[in-house]
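One structure is given here, and the rest of the page talks about it.
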Amino acid sequence: MDTVTMILQDPPYGTEKVWNALRVAQALTAVESRVNLFLLGDAVGMAKKGQDVPKGYYNLGEMLQHLIAKGAEVRACGTCCKARGLTTEDLGHGMTIGVMADLARWIKDSDQVLTF
């Protein structure tokens, strides 16, 4: 099974960039790729549980939960979370705080790395 690491950096709402990244991740799991998602910067906001999603947008937290159920790993940058007042307790089920060493390992062990 090949492994794809995806690095997401944009805010969850306001553009379609991270929504499209999650759609790619869903397609990758459908073809039996292992998917790692590392959330940086404003992208950590999509890991927050209990989101009040703006009208007209998809619930990215639910999309992440679906990906986790399919075997994807999701980590949110600890420094980025701290800067935004997010703790482990704020994150959705199956999502964890990660550090740059985690991302470095994922990159090293991946067949492909995609950045959104």
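Those letters in the sequence shown? Residues 52 to 167, by the numbering used here. Quick reminder that beta carbons are idealized off the backbone N, C-alpha and C, glycines included.
- Task: Please state whether DSSP places E124 in a helix, a strand or coil.
- Result: E124 carries a strand assignment under DSSP once its states are collapsed to helix, strand and coil.
- Roughly how many whole angstroms lie between the Cα atoms of A120 and T147? Rounded to whole angstroms, A120 and T147 show a C-alpha spacing of 15 Å.
- Give the C-beta separation of T54 and R85 to the nearest angstrom, bearing in mind that I take them to be a contact with Cβ-Cβ under 8 Å. T54 to R85, Cβ: 4 Å. Contact.
- Task: For T207, I'd like the list of residues in its chain whose CB is within less than 6 Å of its CB, leaving aside the five on either flank, ordered along the chain.
- Result: The structure shown does not extend to residue 207, since the chain spans only 52 to 167, so no value can be given for it.
- Item | Start and end residues, alpha helix (DSSP H) containing M177 | Residue 177 lies beyond the stretch modelled for the chain, which goes from 52 to 167, so this question has no answer here.
- E83 versus K133 - alpha carbon distance: Going by the C-alpha atoms only, they are around 33 Å apart.
- Query: Under the rule that 16 or more other beta-carbon atoms within 10 Å means buried, what is M151, buried or exposed?
  - Reply: M151 comes out exposed.
- Task: Please name the residue, chosen from C128, L165, A72, that lies closest to D153 on a Cα-to-Cα basis.
- Result: The shortest Cα separation from D153 among C128, L165, A72 belongs to C128.
- Query: For Q102, which option in L91, M114, G92 has the closest C-alpha, if you only look at C-alpha atoms?
  - Reply: Among L91, M114, G92, the Cα nearest to that of Q102 belongs to M114.
- Message: Buried or exposed for M52, going by 16 or more other Cβ atoms inside 10 Å?
- Response: Within a 10 Å sphere around the beta-carbon of M52 sit fewer than 16 other beta-carbons, which makes this residue exposed.
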